[in-house]
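A.B. asks:
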Ligand code: SF4
Ligand code: SF4
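Residue numbers (the numbering used here): 140 to 195.
1. Just checking my contact of residue 154 with residue 189 at CB under 8 Å: how many whole Å lie between their CB atoms?
2. With a threshold of 16 other CB atoms inside 10 Å of the CB of residue 142, please say whether the residue is buried or exposed.
3. In terms of residue numbering, what span does the beta strand (DSSP E) encompassing residue 167 cover?
4. Could you tell me which whole beta strand (DSSP E) segments of length 3 or greater appear in the region 170-195?
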């Protein structure tokens, strides 16, 4: 499972990385990326993004 990150919107703030309970999110070149092997589709990260860059 994985969330979709809109790289055009992501500003690399890291807020989503901090809240993900499974450490599925990380920053690569200042953009969030989601590890589909770790993501459990809990949705916690989605409202945390100030740029509305994350979707299911
Ligand atoms: S949906 Fe949940 S598990 Fe998946 S990246 Fe977001 S916070 Fe992490
Ligand atoms: S919270 Fe949003 S803007 Fe911040 S790193 Fe995650 S996806 Fe990018």
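The beta carbon of each residue, even a glycine, is placed where N, CA and C say it ideally should be.
C.D. replies: Straight from the coordinates:
1. Position 15 of the chain shown holds residue 154. Position 50 of the chain shown holds residue 189. Between residue 189 and residue 154 the Cβ distance is about 7 Å, and since that is below 8 Å, they are a contact.
2. Along the chain shown, one-based indexing puts residue 142 at 3. By the neighbour-count rule (16 or more Cβ atoms within 10 Å), residue 142 is buried.
3. Sequence index remark: in the chain shown, residue 167 carries index 28 (1-based). Run containing residue 167: 164-167, per the beta strand (DSSP E) assignment.
4. 170-173
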